[in-house]
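Have a look at the structure below, then the notes.
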Amino acid sequence: MSAPAQERPGSGGLAPAFAAARVRLGLIAVLFALAAVGWWWTVRRMRGMDQGPWTELGTLGWFLGTWVVMMAAMMFPSVAPTVALYARMTRRRSPLSPLLFAAGYLVTWAGGGLAAFALWAVVGRVGGDVLAWDRAGRWVAGATLVVAAAYEVSPLKDVCLGRCRSPLSFLLGAWRDGPGGALRMGARHGAWCVGCCWALMASLFALGVMSVAWTAVVAGLIAVEKTLPWRRVAVYGTAALLLLLGVLLVVAPDAVPALPVPGEMDPMA
Numbered sequence: 590m591s592a593p594a595q596e597r598p599g600s601g602g603l604a605p606a607f608a609a610a611r612v613r614l615g616l617i618a619v620l621f622a623l624a625a626v627g628w629w630w631t632v633r634r635m636r637g638m639d640q641g642p643w644t645e646l647g648t649l650g651w652f653l654g655t656w657v658v659m660m661a662a663m664m665f666p667s668v669a670p671t672v673a674l675y676a677r678m679t680r681r682r683s684p685l686s687p688l689l690f691a692a693g694y695l696v697t698w699a700g701g702g703l704a705a706f707a708l709w710a711v712v713g714r715v716g717g718d719v720l721a722w723d724r725a726g727r728w729v730a731g732a733t734l735v736v737a738a739a740y741e742v743s744p745l746k747d748v749c750l751g752r753c754r755s756p757l758s759f760l761l762g763a764w765r766d767g768p769g770g771a772l773r774m775g776a777r778h779g780a781w782c783v784g785c786c787w788a789l790m791a792s793l794f795a796l797g798v799m800s801v802a803w804t805a806v807v808a809g810l811i812a813v814e815k816t817l818p819w820r821r822v823a824v825y826g827t828a829a830l831l832l833l834l835g836v837l838l839v840v841a842p843d844a845v846p847a848l849p850v851p852g853e854m855d856p857m858a
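Each residue of the sequence shown is one higher than the one before, starting from 590 at the first, in our numbering.
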């Protein structure tokens, strides 16, 4: 492991600096374009599939493909500053290493999706239809949101969010050279992001993982927590919203916006 090479001020003139800036802006544009394509694909893929809390996940291949595209759509805008900073610090200014960093980031989130699918399969095999709305589904969904609210203000969340909000500190502490290093660094950054956002993702399953509206809400909350300067306001605001939604899911699910309540949906919809 070696630290990234430092540039000497004035040694290369303004032209190389402007060229490097254009490369970084181009990289950010690529990430945002991929996110936009991901949202377009997600909206098309999920159309008519939202069945509310604990929506069926389908087959492993279908779910994993949808999950990876959805993570790109949700996460690339908030991770773009880290990838751009990595592109600035990387020694050879090659566009390949930042893209490998982003790929490693997605690999970690794909692992998180596999874990969620495995947990879903175990619950279905052991508990049968225990997550049905007229059984424990309503209560488990509400409890999931309350637990997510509590995690928002926990020390572990604070540590993970701090790593996500301080890309320079992370990159200096986790630096690895070469393409393999870029992939490992991206995967490691993704692990901190999973630690930061897993409770919000669990909330998405409780509200309906195939809901485009709630996917957009969760993506917005993640972006707010990671990028806005008012960190404490963002975190406590998210916790309050999750707590309110958890209570409403139990006592008045009809009051939750964009929530198809299982058993009350039009079967012809």
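For each residue, glycine too, the CB sits at the ideal point set by N, CA and C.
Here the structure is a predicted model, which is why all the values come from computation and not from measurement.
Would a C-beta distance cut-off of 8 angstroms place residue 752 and residue 781 closer than the cut-off?
yes
According to DSSP, simplified to helix, strand and coil, what is residue 839?
helix
Helix, strand or coil for residue 679? Go by DSSP, reduced to three states.
coil
Quick check for students: name the residue ranges of the beta strand (DSSP E) that lie wholly in the stretch 609-658, counting only runs of 3 or more.
Within the stretch 609-658, no complete beta strand (DSSP E) run reaches 3 residues.
Whose CA, out of 679, 671, 631, lies closest to the CA of residue 768?
679
Is there contact between the stretch 659-667 and the stretch 622-636, where contact requires at least three CB pairs shorter than 8 angstroms?
yes
With distances taken from CA atoms, which of 747, 644, 636 is nearest residue 814?
Residue 747 is the option with its Cα nearest to residue 814.
Going by beta-carbon coordinates alone, are residue 865 and residue 738 separated by less than 8 angstroms?
There is no way to answer for residue 865, as the model of the chain reaches only from 590 to 858.
Specify the secondary structure class of residue 666 as computed by DSSP and reduced to three states.
Residue state for residue 666 is assigned as helix, using DSSP reduced to three classes.
Residues in its own chain within less than 8 angstroms of residue 757 by CB, not counting five upstream and five downstream?
674
In terms of alpha-carbon separation, which member of 697, 639, 723 lies closest to residue 804?
639
Just curious, the alpha helix (DSSP H) that residue 710 is in, first and last residue?
Note, residue 710: alpha helix (DSSP H), 685-716.
Around the C-beta of residue 645, are 16 or more other C-beta atoms found within 10 angstroms, so that it is buried, or is it exposed?
exposed
Counting only the same chain and skipping the five closest in sequence on each side, list residues whose C-beta sits under 7 angstroms from that of residue 791.
Excluding residues within five positions, the ones whose Cβ falls inside 7 angstroms are 733, 737.
From residue 776 to residue 763, what distance separates their C-alpha atoms?
Taking the straight line joining both Cα atoms gives about 11 angstroms.
Could you say which of 799, 841, 833 lies nearest to residue 655 if we only look at CA atoms?
799
In the structure shown, what three-state DSSP assignment does residue 817 receive?
coil
Under a three-way DSSP split, which group does residue 758 fall into?
helix
Using the Cα positions of residue 837 and residue 845, report the straight-line distance between them to the nearest angstrom.
7 angstroms
Going by DSSP, what residue range makes up the alpha helix (DSSP H) through residue 799?
Unbroken run through residue 799: none, as it is neither H nor E.
Look at residue 789 and residue 848 and say whether their C-beta atoms are less than 8 angstroms apart.
no
With 16 other CB atoms within 10 Å as the buried threshold, where does residue 621 fall?
exposed
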